[in-house]
Amino acid sequence: MAKPTLLLIDGNSLAFRSFYALINQVDRFVSHEGLHTNALVGFNNLLDGIVDPFKPDKALVAWDAGKTTFRTNSFGDYKGNRDKTPQELVEQFEPMKKMVELHGIKNYQLVDYEADDIIGTIAAAGDAAGYAVTIVTGDRDMRQLVTDNITVWLTKKGITEIDKYMPAQVAEVYGGLTPAQVVEVKGLQGDPSDNYPGVPGIGEKTAIKLIQEYHSIPTLYEHVDEMKASKRKENLITYRDDAFLSRELARIRTDAPLEINLDDLDYQGIHYQALIPFYQQLDFKQQLVKLANMGYVAADAKPVTQQPLKWVTLDFENEAELNRIEDVLDVYVELDGENYHRANIVGFVVGNAQVGYFASRNVDYLTQDSPVRKLLQNSVLKKRVFNAKALTVALARYGVQLTGVTFDLLLVSYLLNVNDNSNDLGQVAHEHQYFDVATDEEVYGKGAKFQIPADDQVFFEHLGRKAQTIGQLEPALMQQLTDQQQARLYTEIELPLTFVLADMEMQGITVNADHLLAMQSKFSERLSELQQKIYQQAGHEFNIQSTKQLGTVLFEEMGLKSLKKTKTGYSTSVEVLEQMTDVPIVESILQYRQLSKIQSTYVDGLLRVIHGSDSKVHTRYLQTLTQTGRLSSVDPNLQNIPVRVEEGRQIRSAFVPSHEGWSIFSADYSQIELRVLAHVTGDMEMQKAFLADEDIHASTARRIFGIPLADPISPNLRRQAKAVNFGIVYGISDFGLAKNIGTDRKTAKQIIETYLTEYSGVKAWTQKIIETAREQGYVETIAHRRRYLKDIKAKNFNLRSFAERTAMNTPIQGSAADIIKIAMIKMQTALKTHGLNSKMLLQVHDELIFEVPAEELATMHQLVPEIMDSAVQLDVPLKVETHEGKTWYDAK
DNA sequence: CCCGTCACG
DNA sequence: ACGTACGTGACGGGA
Numbered sequence: 010m011a012k013p014t015l016l017l018i019d020g021n022s023l024a025f026r027s028f029y030a031l032i033n034q035v036d037r038f039v040s041h042e043g044l045h046t047n048a049l050v051g052f053n054n055l056l057d058g059i060v061d062p063f064k065p066d067k068a069l070v071a072w073d074a075g076k077t078t079f080r081t082n083s084f085g086d087y088k089g090n091r092d093k094t095p096q097e098l099v100e101q102f103e104p105m106k107k108m109v110e111l112h113g114i115k116n117y118q119l120v121d122y123e124a125d126d127i128i129g130t131i132a133a134a135g136d137a138a139g140y141a142v143t144i145v146t147g148d149r150d151m152r153q154l155v156t157d158n159i160t161v162w163l164t165k166k167g168i169t170e171i172d173k174y175m176p177a178q179v180a181e182v183y184g185g186l187t188p189a190q191v192v193e194v195k196g197l198q199g200d201p202s203d204n205y206p207g208v209p210g211i212g213e214k215t216a217i218k219l220i221q222e223y224h225s226i227p228t229l230y231e232h233v234d235e236m237k238a239s240k241r242k243e244n245l246i247t248y249r250d251d252a253f254l255s256r257e258l259a260r261i262r263t264d265a266p267l268e269i270n271l272d273d274l275d276y277q278g279i280h281y282q283a284l285i286p287f288y289q290q291l292d293f294k295q296q297l298v299k300l301a302n303m304g305y306v307a308a309d310a311k312p313v314t315q316q317p318l319k320w321v322t323l324d325f326e327n328e329a330e331l332n333r334i335e336d337v338l339d340v341y342v343e344l345d346g347e348n349y350h351r352a353n354i355v356g357f358v359v360g361n362a363q364v365g366y367f368a369s370r371n372v373d374y375l376t377q378d379s380p381v382r383k384l385l386q387n388s389v390l391k392k393r394v395f396n397a398k399a400l401t402v403a404l405a406r407y408g409v410q411l412t413g414v415t416f417d418l419l420l421v422s423y424l425l426n427v428n429d430n431s432n433d434l435g436q437v438a439h440e441h442q443y444f445d446v447a448t449d450e451e452v453y454g455k456g457a458k459f460q461i462p463a464d465d466q467v468f469f470e471h472l473g474r475k476a477q478t479i480g481q482l483e484p485a486l487m488q489q490l491t492d493q494q495q496a497r498l499y500t501e502i503e504l505p506l507t508f509v510l511a512d513m514e515m516q517g518i519t520v521n522a523d524h525l526l527a528m529q530s531k532f533s534e535r536l537s538e539l540q541q542k543i544y545q546q547a548g549h550e551f552n553i554q555s556t557k558q559l560g561t562v563l564f565e566e567m568g569l570k571s572l573k574k575t576k577t578g579y580s581t582s583v584e585v586l587e588q589m590t591d592v593p594i595v596e597s598i599l600q601y602r603q604l605s606k607i608q609s610t611y612v613d614g615l616l617r618v619i620h621g622s623d624s625k626v627h628t629r630y631l632q633t634l635t636q637t638g639r640l641s642s643v644d645p646n647l648q649n650i651p652v653r654v655e656e657g658r659q660i661r662s663a664f665v666p667s668h669e670g671w672s673i674f675s676a677d678y679s680q681i682e683l684r685v686l687a688h689v690t691g692d693m694e695m696q697k698a699f700l701a702d703e704d705i706h707a708s709t710a711r712r713i714f715g716i717p718l719a720d721p722i723s724p725n726l727r728r729q730a731k732a733v734n735f736g737i738v739y740g741i742s743d744f745g746l747a748k749n750i751g752t753d754r755k756t757a758k759q760i761i762e763t764y765l766t767e768y769s770g771v772k773a774w775t776q777k778i779i780e781t782a783r784e785q786g787y788v789e790t791i792a793h794r795r796r797y798l799k800d801i802k803a804k805n806f807n808l809r810s811f812a813e814r815t816a817m818n819t820p821i822q823g824s825a826a827d828i829i830k831i832a833m834i835k836m837q838t839a840l841k842t843h844g845l846n847s848k849m850l851l852q853v854h855d856e857l858i859f860e861v862p863a864e865e866l867a868t869m870h871q872l873v874p875e876i877m878d879s880a881v882q883l884d885v886p887l888k889v890e891t892h893e894g895k896t897w898y899d900a901k
């Protein structure tokens with residue numbers, strides 16, 4: 010008969026592991042009550058993944074009781090170099106213990122003892138009582154407890170993967186030693202993380218070798234005199250006491266005076282119903298979904314019944330049934346990659362709840378005349394989709410002109426809350442408390458395991474669920490849009506824009522590959538010259554692109570003074586290097602850096618993404634990503650093509666019109682963010698300056714530096730005033746301004762105060778917007794785009810300050826984004842109504858780029874500014890400047 | 001996969 | 001006393 014099982018869990022060790030596994034995202038895991046939950050998430054995964062399937066007979070989670078233990082009493086420095094446990098973790102301990110209880114497991118801690126000792130003691134008792142004992146921990150030293158009946162499960166890097174240690178595995182990593190000998194090794198080796206010393210110069214390798222030979226520390230010292238003279242022998246003798254002390258510190262106790270025994274440890278099983286309010290409090294949505302799928306729902310929840318799903322595999326027998334579809338069609342198309350300009354359609358589904366859903370992998374239904382194709386191209390039939398832009402572009406490649414989209418789940422979800430921007434339909438649905446659909450990861454797997462199911466039953470059911478979800482969510486989400494006064498933002502801006510963007514992306518922009526190739530060979534020659542020069546200046550070869558190696562060369566070998574550090578080493582950023590240009594190698598490195606950036610990101614990078622079929626690049630604009638409402642551009646990013654430095658700027662000469670004799674034409678808003686600032690703040694002084702079409706930075710300089718009208722403004726003061734204007738838009742701080750204009754903090758502070766006195770409307774507005782953010786929890790743009798600021802009331806100064814700057818910046822940056830989006834929609838319409846052949850190709854936040862036939866140039870110079878500056882009516886005028894040229898470079 | 005760096009508005 | 005300008009994406013290096 011199988012032995013009874015006893016599961017012992019090292020609470021502290023695993024809490025720390027969980028916390029640091031997600032340390033980078035500590036601020037992304039915060040409950041609505043402001044509690045950090047990253048460690049709780051990790052710990053919960055651990056319970057789910059290891060404990061729950063284990064179903065032990067008895068179980069315990071052991072915790073440290075506090076800072077002092079018998080170890081600190083015997084050795085004051087024990088764990089003396091540990092940083093204080095971060096507050097973000099401390100606050101998670103109590104809920105974590107509650108989580109343990111709700112999973113049916115007892116917690117235990119004991120004054121003066123560490124979790125290890127509790128586990129050691131119970132494990133020994135369990136071993137003696139005939140249990141199969143399993144210990145789960147992140148602490149490698151626990152392996153000393155292993156016996157034939159005690160297995161140690163050690164978490165690897167993350168926390169969900171584990172290595173299992175039985176005596177054989179311990180022997181394997183410890184060169185044939187027994188678990189009991191682990192403390193002998195540790196005694197010699199010491200442990201920097203616990204701050205006990207061991208013997209200097211002896212690491213794990215040597216310690217194992219010595220214990221292999223002498224078996225233990227006491228016997229080693231019996232024979233120490235026989236060792237041949239060496240530094241090691243000297244150290245062993247000198248640090249004898251440390252070795253014995255460290256050995257004791259490393260030894261886990263098996264005789265702690267516990268007040269509990271095995272009878273108290275019966276595993277209770279999971280208290281499902283009680284977990285619901287607990288998970289709700291922590292905002293553990295995924296866990297709630299899992300509970301719901303098991304039939305556990307909150308007492309006050311609407312009953313979750315899995316909706317029935319009507320679906321069939323589309324075939325030539327049943328395709329006629331599609332003709333019964335009227336009013337509305339839900340559509341979902343699955344691609345085999347995220348870049349929809351290249352990816353293939355691997356499956357699709359159309360239908361609605363009344364008639365049912367029709368799924369297929371056969372793209373002939375799309376490429377050839379079929380009922381499906383007719384429905385998709387029928388403009389009267391309302392389509393409900395997820396990611397209309399991707400769908401439009403993908404279908405267009407199969408010859409289908411999708412029309413009549415009224416509901417885009419992804420887009421609507423993003424507008425309701427910019428954080429709900431997952432490209433996974435299931436995840437988005439779960440955000441809206443709709444659980445009748447799984448995520449792609451759940452169905453397809455991820456990483457190397459990703460696979461579209463070969464089984465039609467599985468694949469089509471998932472597709473059907475997705476399509477059905479879109480339809481099910483539409484009424485509630487459209488209502489929420491209305492409630493948040495965002496209906497017009499959706500119907501008049503974002504939804505029409507999505508099709509404008511689809512057009513621009515499909516149009517693409519032609520890139521002259523020969524030109525890039527010429528640049529490539531010129532640059533690589535120059536790069537190897539610079540490389541040789543740098544090797545010479547350094548005295549040896551090294552990887553210039555490695556910040557680590559570069560730091561060693563500059564700050565250790567060459568003895569330059571390090572001016573700034575990053576958390577991983579010396580900073581070698583431009584900012585730092587520019588202060589050391591008197592050293593020749595630094596100058597060379599700066600040149601090398603600049604050139605290799607252009608080469609790798611722009612020359613090589615662009616060449617890689619030119620489509621063979623049309624010699625164009627087709628970016629994808631992400632419409633549902635940024636926190637402010639701007640677009641972003643990927644694959645390639647065409648919103649950060651160099652312009653400020655001449656060498657880089659020449660990249661732009663590779664961007665050319667797609668027809669002989671055409672031109673590249675650009676139109677940009679002048680100072681749009683400051684104009685928006687003048688509008689939203691209602692500041693009369695700033696508005697006057699714009700109404701008079703003054704040079705705004707000069708005008709600001711005049712006011713904040715008190716320069717009489719008769720006097721000219723020096724370029725330096727104008728530059729400073731410009732920095733102040735930028736600072737205001739970004740949510741200014743004296744430190745930031747000082748750094749930017751190279752003055753001291755006090756002066757910067759004075760400048761800001763003067764600015765806010767001179768522009769009192771701006772001052773009043775910044776105070777008001779922060780107040781508003783605190784009251785409603787969000788800020789808005791002129792088109793009612795919304796951004797929630799969860800940290801606006803944070804106790805932590807940094808988090809709160811950041812939220813306050815965001816509160817000021819988002820209405821400005823976001824409203825500017827609203828304006829150009831409106832202009833783009835109007836522009837596309839105007840091109841059509843004027844019967845122009847010019848094409849809008851790119852958007853770069855405050856500028857639009859077109860390709861234009863020669864005969865339309867004059868018209869465009871007039872029409873484009875007209876459309877752009879009348880996109881919205883502000884209290885100050887909008888100003889637009891236009892340029893044209895044979896290439897993008899020349900359109901300046 | 002994260003970090004430092006650097007390109008843009 | 002805190003540490004600090006807003007919003008993005010791509011690259012190479014190195015765990």
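In my numbering, the protein residues as written are 10 to 901. Glycine included, C-beta positions come from ideal geometry on N, C-alpha and C. Quick caveat: nothing in here was measured; it's all calculated off a predicted structure.
Got a sec? Which residues, its chain only, sit under 6 Å from Leu-883 by beta carbon, not counting five neighbours each side? Taking the first residue of the first sequence as 1, we reach residue 883 at position 874. Answer for Leu-883: His-688, listed in chain order.
Please identify the residue among Arg-684, Glu-703 and Val-873 whose C-alpha is closest to the C-alpha of Pro-820. As a working note, residue 820 is residue 811 in the first sequence. Of the candidates Arg-684, Glu-703 and Val-873, the one whose C-alpha sits nearest the C-alpha of Pro-820 is Arg-684.
Within 7 Å, strictly: CB atoms of Thr-635 and Leu-419: For this step, residue 635 is matched to residue 626 along the first sequence. For this step, residue 419 is matched to residue 410 along the first sequence. Not in contact: Thr-635 and Leu-419 (Cβ atoms no closer than 7 Å).
Suppose contacts are defined by Cβ-Cβ distances below 7 Å. Is Glu-865 in contact with Ser-847 by that definition? The residue labelled residue 865 in the question sits at position 856 within the first sequence. The residue labelled residue 847 in the question sits at position 838 within the first sequence. Against a cut-off of 7 Å, the Cβ pair of Ser-847 and Glu-865 comes out as a contact.
CB Val-520 to CB Ala-403, shorter than 7 Å? Counting from 1 along the first sequence, the entry for residue 520 is found at position 511. Counting from 1 along the first sequence, the entry for residue 403 is found at position 394. Cβ atoms of Val-520 and Ala-403: not closer than 7 Å.
May I ask you to report which of helix, strand or coil DSSP gives Val-155? Translated into the one-based positions of the first sequence, residue 155 becomes position 146. Of the three classes helix, strand and coil, the one that applies to Val-155 here is coil, per DSSP.
By Cβ distance, which residues of its chain are closer than 7 Å to Gln-696, with the 5 residues on each side in sequence left out? As a position in the first sequence, residue 696 is number 687, starting the count at 1. For Gln-696, where only same-chain residues beyond five positions count, the Cβ hits under 7 Å are Ala-687, Asp-884 and Val-885.
Can you give me the C-alpha to C-alpha distance between Ala-138 and Phe-357, rounded to a whole angstrom? Position 129 of the first sequence holds residue 138. Position 348 of the first sequence holds residue 357. Computed Cα separation, rounded: 60 Å.
Between the Cα of Lys-531 and those of Leu-490, Asp-613, Thr-581 and Gln-588, spot the shortest distance and give me the residue it belongs to. To locate residue 531, count along the first sequence from 1; it is residue 522. Ranking the options by Cα distance to Lys-531, first place goes to Asp-613.
By a C-beta neighbour count over all protein chains shown, 10 Å radius and 16 as the cutoff for buried, is His-350 buried or exposed? Translated into positions along the first sequence, residue 350 becomes position 341. It counts as buried.
For His-706, count neighbouring C-beta atoms within 10 Å of its own C-beta (all shown protein chains included) and say buried if the count is 16 or more, exposed if not. Residue 706 sits at position 697 when you count from the first residue of the first sequence. With 16 or more other Cβ atoms within 10 Å, it is buried.
Considering Cα atoms alone, identify which of Ala-698, Ile-217, His-224 and Lys-240 is closest to Gly-210. Residue numbering aside, residue 210 sits at position 201 when the first sequence is read from its first letter. Gly-210 has its Cα closest to that of Lys-240, out of Ala-698, Ile-217, His-224 and Lys-240.
Return helix, strand or coil for Val-873, following the three-state DSSP convention. For the purposes of this step, residue 873 is taken as the residue at position 864 of the first sequence. Reduced to three states, the DSSP call for Val-873 is helix.
Terminal residues of the continuous beta strand (DSSP E) containing Val-321? Taking the first residue of the first sequence as position 1, residue 321 is located at position 312. Unbroken beta strand (DSSP E) run through Val-321: 320 to 322.
Have a look at Thr-228 and Ala-238 and give me their C-alpha separation to the nearest angstrom. Residue 228 sits at position 219 when you count from the first residue of the first sequence. Residue 238 sits at position 229 when you count from the first residue of the first sequence. Distance between the alpha carbons of Thr-228 and Ala-238 is about 18 Å.
Buried or exposed: where does Ala-48 fall if 16 or more other Cβ atoms within 10 Å of its Cβ makes it buried? Looking up residue 48 in the first sequence gives position 39. So Ala-48 counts as buried.
Do the stretch 102 to 110 and the stretch 145 to 156 meet, that is, are 3 or more Cβ pairs less than 8 Å apart? no
Is it the case that the Cβ atoms of Thr-628 and Pro-645 are separated by a distance below 7 Å? Position 619 of the first sequence holds residue 628. Position 636 of the first sequence holds residue 645. Taking 7 Å as the Cβ cut-off, Thr-628 and Pro-645 qualify as a contacting pair.
C-alpha gap between Lys-106 and Gly-568, whole angstroms: Position 97 of the first sequence holds residue 106. Position 559 of the first sequence holds residue 568. Distance between the alpha carbons of Lys-106 and Gly-568: 52 Å.
Taking C-alpha atoms, which residue in Met-869, Leu-390 and Val-70 lies nearest to Thr-412? Counted from its first residue, the first sequence places residue 412 at position 403. Ranking Met-869, Leu-390 and Val-70 by Cα distance to Thr-412 puts Leu-390 first.
Do Leu-604 and Leu-536 have their C-beta atoms within less than 7 Å of each other? Counting from one through the first sequence, the residue named residue 604 turns up at place 595. Counting from one through the first sequence, the residue named residue 536 turns up at place 527. It is a contact, given that the beta carbons lie within the stated cut-off.
Going by DSSP, what residue range makes up the alpha helix (DSSP H) through Glu-682? In the first sequence, residue 682 corresponds to position 673, counting from 1. Segment 681 to 690, the alpha helix (DSSP H) holding Glu-682.
Sheet register partners of Gly-360 (DSSP bridge): Sequence index remark: in the first sequence, residue 360 carries index 351 (1-based). Paired residue(s): Asp-339 and Tyr-366.
Determine, using beta carbons only, whether Gly-770 and Asp-692 come nearer to each other than 7 Å. One-based indexing of the first sequence puts residue 770 at position 761. One-based indexing of the first sequence puts residue 692 at position 683. Yes, they are a contact pair.
Taking the beta strand (DSSP E) that Met-849 falls in, what are its first and last residues? In the first sequence, residue 849 corresponds to position 840, counting from 1. That run of the beta strand (DSSP E) goes 848 to 852.
Pop quiz: Ser-22 and Leu-55 are said to be a contact at Cβ under 8 Å. What is the actual Cβ separation, rounded to whole angstroms? Counted from its first residue, the first sequence places residue 22 at position 13. Counted from its first residue, the first sequence places residue 55 at position 46. In fact, because the Cβ distance is near 11 Å, the residues do not count as touching under 8 Å.
Could you have a look at Val-313 and say whether DSSP puts it in helix, strand or coil? Position 304 of the first sequence, counting from 1, holds the residue named residue 313. Reliability of the predicted coordinates at Val-313 is poor, the pLDDT of 49 falling under 50, and no value is obtained from them.
Which one of Ser-582, Glu-860 and Ile-607 has the shortest CA to CA distance from Gly-670? What you label residue 670 is simply residue 661 of the first sequence in a count that begins at 1. Here the closest residue by C-alpha is Glu-860.
Residues bridged to Leu-482 [DSSP beta-bridge criterion]: Residue mapping note: residue 482 aligns to position 473 of the first sequence, counting from 1. Answer by DSSP bridge pairing: none, since Leu-482 is not bridged.
Pull up the distance between the alpha-carbon of Thr-164 and that of His-549, whole angstroms please. In the first sequence, the residue the question calls residue 164 occupies position 155. In the first sequence, the residue the question calls residue 549 occupies position 540. Cα to Cα, Thr-164 sits roughly 42 Å from His-549.
According to DSSP, what are the bridge partners of Leu-344? Residue numbering aside, residue 344 sits at position 335 when the first sequence is read from its first letter. DSSP, once it has assigned bridges, lists Ile-354 as partnering Leu-344.
So what's Asp-172 in DSSP terms, helix, strand or just coil? Taking the first sequence and counting its residues from 1, the one referred to as residue 172 is at position 163. In this structure, Asp-172 counts as strand in the three-state DSSP scheme.
My output table needs one value for Leu-472: the three-state DSSP class, helix, strand or coil. As a first step, residue 472 must be located in the first sequence, where it is residue number 463. Helix at Leu-472.
Rounded separation between Tyr-140 and Pro-317 - CA only: Translated into the one-based positions of the first sequence, residue 140 becomes position 131. Translated into the one-based positions of the first sequence, residue 317 becomes position 308. So the two alpha carbons sit approximately 47 Å from each other.
Ala-782 versus Val-738 - alpha carbon distance: Here residue 782 is taken as the residue at index 773 of the first sequence, counted from 1. Here residue 738 is taken as the residue at index 729 of the first sequence, counted from 1. Spanning the two alpha carbons is a distance of roughly 17 Å.
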